[in-house]
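Be aware that the sequence shown starts at 1, since it is given in full-length UniProt numbering, and climbs by one per residue. No residue lacks a Cβ here, since even glycine has one placed at the ideal position from N, Cα and C.
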Amino acid sequence: MIRFEHVTKRYPDGTTAVDDLSFEVAEGELVTLVGPSGCGKTTTMKMVNRLIDPTEGTVSVAGENLADTDPVELRRRIGYVIQQVGLFPHKSVLDNTATVPHLLGTPRKKARARAAELLDLVGLDPTVYGHRYPDQLSGGQRQRVGVARALAADPPVLLMDEPFGAVDPVIREHLQNEFRHLQRTLGKTVLFVTHDIEEAIRLGDRIAVYGQGRIEQFDTPAAVLGAPATPYVAEFVGADRGIKRLSVTPVEPGDLEERPVVRLDDPAGRAAEALAADDASWAVVLDGEAAPYGWVPAAALTDGSPDGATVRDHARPMDATLPVGAPLREAFGALLGHDAGWIAVLDEGRYAGVLTPGGLHAALRRATTADAARTTREAVTLDTVPGA
Ligand SMILES: Nc1ncnc2c1ncn2[C@@H]1O[C@H](COP(=O)(O)OP(=O)(O)OP(=O)(O)O)[C@@H](O)[C@H]1O
C-alpha cells in the first residue's frame, strides 16, 4: 500500500535525514517507525503526504508514484494526526471533525452526521462534546478528536506522528488500546511514528527500528524483541526485552501441562485412586459443564473422606482462568496474583490444561526459537534492511 524504493532525503544544508530507504507497508497493516530523536522518522512520514519530497527514489501509495500526484488532493486522501492536534480553536468539536468531508464537497448536514458517528467511535459522546470548543477539552479528548477528524474523509491511509505523546501514561495506554482496536475494525493502513519502544510494540503489526537515517530492522514486535538484528537494535529495545516479549507472545495449547482432572460430583474415593494411579499430589476440578472450578489436593481426598463424600466436599475454588491466545504477560500477572502457582487455560471456553511457571518459561523459549528461524527463513524483499 505504501512503498519506499531507495528513498534518500537530503536537506539543503547537507543533512541526510533518510538514506536509501526501502520498505513496504501492506494494506490494512499498522507499521510503527521507532527510533531516537533526529533519526529520520518524521521525514519518512512526511514524504507520504508530500509535505517533504524525496531527493532520490520513489514513494508510492496504492501503486501511484507520489511524484505524479497533486499534493493538496493527496493530503485529502491521507489522514494525518500529529501531537499538537491542530484543531481549529474557533470551531466546535463537531465542525472540526466535519472539516475535511465538507471541503471535499459533502453537504454540511451529512458531514456533521458522519462527524457525530466518528466522535462516538473514538469514545466521545457527540451530544456532550460535539458543541464544545477545543479549549474546553482535556488533552486526551483533543487527541481523540484529532483521530476522529483524520478518519472523517474515510482515508485508506493514516499517518500518525507521536499522536499520543502529550498525554499522561495512563490515558496514553488507554488511547493506544482503543486506537489499535479501531484500526483493526476499520482496516486502515497506518504509519505511526514514535520514539517510545513500548508504544511501537503495543501498536505495530511490524516495527521499523531506525538507526541514523536508515532502518536497522523491520519485523514483527515478537521477532524484533526475540532476535534483534544488530547490537544497536538489542540496545534500543532494552535489556528487559525478555519481559517486553511477554506482551507479544501468546499462550499456545502446547505450552500447557496436563494434570489429572476430576469432577465435582466424582466420589472422593474414586478421585483419590485416580490421583494415586498418576502419583499426583493434586488434580484440577471441573464442574458439570467441564469448566474449571478449582483444584483438590490428594491428601484431602484420602484423609477422612466419609462414605458418600464427593470431590465437592474437598475442592478449593480458583476463579482465575485465561483463554488460549492470551499474552504471556497476562498469564504471568494471573500467576503472580494467585497463590496457586498455576492457572487454568480455556480453549473456546473449555478447559484445555494448566499453565505453570515452567510452561511460561518454555513458551518464551519456543517464541525465541521460532523467531530466530523465521527471521532467517522469511526473506524480506527489502534490500536496505539489515537482518531482515
Ligand atoms: N528542514 C530541515 N533542514 C535541515 N535538516 C532537517 C530539516 N528537517 C529535519 N532535519 C534533520 O533531519 C534529521 C531527521 O529529522 P526528523 O525530524 O525526520 O527526525 P525524527 O526521527 O522524526 O526526530 P524526532 O523524534 O526528534 O521528531 C535530523 O537530523 C534533523 O535535524
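Going by the beta-carbon positions, is the gap between Pro155 and Ile78 smaller than 8 Å? Numbered from 1 along the sequence shown, position 155 holds the residue referred to as residue 155. Numbered from 1 along the sequence shown, position 78 holds the residue referred to as residue 78. In contact: Pro155 and Ile78 (Cβ atoms closer than 8 Å).
Looking at ligand 1, does it come within less than 7 Å of Ser247, judged from the CB to the closest heavy atom? In the sequence shown, counting from the first residue as 1, residue 247 sits at position 247. Not so, every heavy atom of ligand 1 lies at least 7 Å from the Cβ.
Taking just the CA atoms, how far does Gly242 sit from Arg365? As a working note, residue 365 is residue 365 in the sequence shown. As a working note, residue 242 is residue 242 in the sequence shown. Put simply, the backbone Cα of Arg365 is about 10 Å away from that of Gly242.
By the three-class DSSP mapping on this structure, what secondary structure does Lys109 have? What you label residue 109 is simply residue 109 of the sequence shown in a count that begins at 1. Residue state, collapsed to three classes: helix.
Within 10 angstroms of its Cβ, does Ser22 collect 16 or more other Cβ (buried), or is it exposed? Start at 1 with the first residue of the sequence shown, and residue 22 comes out as number 22. Buried, by the Cβ-count rule.
Assigned secondary structure, Ile215 (DSSP; H/G/I helix, E/B strand, else coil): Within the sequence shown, numbered from 1, the residue matching residue 215 stands at position 215. It is a strand residue.
Give me the residue from Ala334, Tyr80, Gln136 with the minimum Cα distance to Ala150. Sequence index remark: in the sequence shown, residue 150 carries index 150 (1-based). Cα-wise, what sits closest to Ala150 is Tyr80.
For Tyr210 and Val237, I'd like the C-alpha separation in whole angstroms. Sequence index remark: in the sequence shown, residue 210 carries index 210 (1-based). Sequence index remark: in the sequence shown, residue 237 carries index 237 (1-based). Computed Cα separation, rounded: 11 Å.
Could you round the C-beta distance between Val296 and Ala315 to whole angstroms and report it? I think they count as a contact, below 8 Å. As a working note, residue 296 is residue 296 in the sequence shown. As a working note, residue 315 is residue 315 in the sequence shown. Their Cβ separation, rounded to whole angstroms, is 5 Å, which keeps Val296 and Ala315 in contact under 8 Å.
May I ask you to check if the CB of Ser138 is nearer than 7 Å to at least one heavy atom of ligand 1? Walking along the sequence shown from the start, residue 138 turns up at place 138. Ligand 1 has no heavy atom closer than 7 Å to the beta-carbon of Ser138.
Residue range of the alpha helix (DSSP H) that Arg329 falls in? For the purposes of this step, residue 329 is taken as the residue at position 329 of the sequence shown. In the DSSP annotation of this structure, the continuous segment of the alpha helix (DSSP H) that includes Arg329 starts and ends at 328 to 337.
Does any heavy atom of ligand 1 sit closer than 7 Å to the C-beta of Tyr232? On the sequence shown, position 232 is the one that residue 232 refers to. No, since every heavy atom of ligand 1 falls outside the 7 Å radius drawn around the Cβ of Tyr232.
Excluding the 5 residues preceding and the 5 following Ala373 in the sequence, name in chain order all residues of the same chain whose CB lies nearer than 8 Å to its CB. Your numbering for residue 373 matches position 373 in the sequence shown. Note that Ala373 scores 48 on pLDDT, short of 50, meaning its location in the model is unreliable; the coordinates nonetheless yield the value given after this. Nothing listed; no residue qualifies.
Under 8 Å between C-beta atoms of Val354 and Leu256: As a first step, residue 354 must be located in the sequence shown, where it is residue number 354. As a first step, residue 256 must be located in the sequence shown, where it is residue number 256. One thing to note: Val354 has its Cβ within 8 Å of the Cβ of Leu256.
Beta-carbon proximity check, Gly40 vs Ala17, cutoff 8 Å: In the sequence shown, residue 40 corresponds to position 40, counting from 1. In the sequence shown, residue 17 corresponds to position 17, counting from 1. Result yes, Cβ atoms of Gly40 and Ala17 sit closer than 8 Å.
Okay, do the segment 278 to 288 and the segment 240 to 254 touch, 3+ Cβ pairs below 8 Å being the bar? Verdict: no, contact absent.
For the 8 Å Cβ check, are there 3 or more pairs between the segment 6 to 17 and the segment 183 to 197? For the pair of segments examined, the segment 6 to 17 was found not to touch the segment 183 to 197: the number of CB pairs separated by less than 8 Å stays below three.
Starting from Thr99 and walking both ways along the alpha helix (DSSP H), at which residues does that stretch end? In the sequence shown, counting from the first residue as 1, residue 99 sits at position 99. 93 to 103 is the span of the alpha helix (DSSP H), which, as asked, contains Thr99.
Tell me the rounded alpha-carbon separation between residue 431 and Glu178. This structure gives no information on residue 431, because the portion of the chain shown stretches from 1 to 388.
What did DSSP end up calling Asp313 once you bin it into helix, strand or coil? Mapped onto the sequence shown, residue 313 falls at position 313. In this structure, Asp313 counts as helix in the three-state DSSP scheme.
Is Asp53 near ligand 1 - that is, is its Cβ less than 7 Å away from at least one heavy atom of it? Taking the first residue of the sequence shown as position 1, residue 53 is located at position 53. No; taking the cut-off as 7 Å, the Cβ of Asp53 has no heavy atom of ligand 1 nearer than that.
Might you give, ordered along the chain, the residues of its own chain that have their beta carbon closer than 8 Å to the beta carbon of Gln176, omitting 5 neighbours on each side? Counting from one through the sequence shown, the residue named residue 176 turns up at place 176. Cβ neighbours of Gln176 beyond the five flanking positions: Phe164, Glu199, Arg202, Leu203.
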